[in-house]
Structures are given as C-alpha cells and as structure tokens.
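Participant: My questions will all concern the structure given below.
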Amino acid sequence: MSRVCELTGKKAMVGNNVSHAMNKTKRKFNANLIKKRFYIPEEDKWVTLKVSTSALKTINKIGITAALKEARAKGFYK
Numbered sequence: 000m001s002r003v004c005e006l007t008g009k010k011a012m013v014g015n016n017v018s019h020a021m022n023k024t025k026r027k028f029n030a031n032l033i034k035k036r037f038y039i040p041e042e043d044k045w046v047t048l049k050v051s052t053s054a055l056k057t058i059n060k061i062g063i064t065a066a067l068k069e070a071r072a073k074g075f076y077k
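Mapping of the sequence shown onto numbering that gives the first Met the number 0: position 26 corresponds to residue 25, and the numbering continues sequentially without gaps.
Structure follows, in structure tokens:
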C-alpha cells in the first residue's frame with residue numbers, strides 16, 4: 000500500500016542526505032502517517048483511514064465529517 004494520506008494527499012518527498020564533506024545521496028522524506036479508525040455517526044459505521052498527523056489535527060479541529068467532505072471535494076477520498 001502506498002504511503003499517501005487519504006485526507007490531504009500528502010506523500011513522500013525526495014531530497015538529499017548531505018554528509019559533512021558535502022557528498023549528496025538521494026533519500027526519501029516519508030509523510031508521518033498513522034492508521035486510525037474513525038466513527039462516522041451520519042453513516043453509523045467505522046472507517047479505517049491512513050492519515051497524516053497534520054490531518055489528524057484537522058479532524059480534531061473541524062470533525063471527521065467535515066474533513067471527509069473536504070477530502071471528497073479535492074478528490075483524495077472516494
């Protein structure tokens with residue numbers, strides 16, 4: 000399964016490891032993802048989502064229903 004947030008679309012970035020001698024080798028900066036279950040009272044069901052920690056903060060702030068609605072509008076969630 001890909002390491003992509005289902006609500007924000009965040010995914011891995013590519014960058015460099017830089018040594019003291021300034022040698023550069025490619026590396027990945029993965030998104031900070033967590034697999035979490037959420038209860039959606041409108042649909043009366045539990046949903047498991049792979050979300051970034053920043054998306055988790057957004058869910059805590061605006062609620063899971065509004066976050067899912069926003070993600071659907073942006074095309075990140077089915």
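For glycine and all other residues, C-beta sits at the position ideal for the given N, C-alpha and C.
The model shown is predicted, which means the values in this text are computed figures rather than measured ones.
Kindly indicate which three-state DSSP category Asn59 falls into: helix, strand or coil?
Facilitator: Here residue 59 corresponds to residue number 60 of the sequence shown, with the count starting at 1. Residue state for Asn59 is assigned as helix, using DSSP reduced to three classes.
Participant: My understanding is that Ile33 touches Val50, with C-beta atoms under 8 Å, so please give their C-beta distance in whole angstroms.
Facilitator: Position 34 of the sequence shown, counted from the first residue, corresponds to residue 33. Position 51 of the sequence shown, counted from the first residue, corresponds to residue 50. That belief holds up - the Cβ atoms of Ile33 and Val50 are roughly 6 Å apart, short of 8 Å.
Participant: Could you compute how far the alpha carbon of Cys105 sits from the alpha carbon of His19?
Facilitator: In this structure the chain extends from 0 to 77, so residue 105 is not present and cannot be described.
Participant: In chain order, what residues of the same chain lie with their CB nearer than 7 Å to the CB of Arg26, ignoring the 5 residues before and after it?
Facilitator: Stepping through the sequence shown from its first residue, residue 26 is reached at position 27. Gly14, Asn15 and Asn16, listed in sequence order.
Participant: Quick one: is Ile58 buried, meaning 16 or more other Cβ sit within 10 Å of its Cβ, or exposed?
Facilitator: By 1-based counting over the sequence shown, the position of residue 58 is 59. So Ile58 counts as buried.
Participant: Going by the beta-carbon positions, is the gap between Asn22 and Ala11 smaller than 7 Å?
Facilitator: To locate residue 22, count along the sequence shown from 1; it is residue 23. To locate residue 11, count along the sequence shown from 1; it is residue 12. Result no, Cβ atoms of Asn22 and Ala11 do not sit closer than 7 Å.
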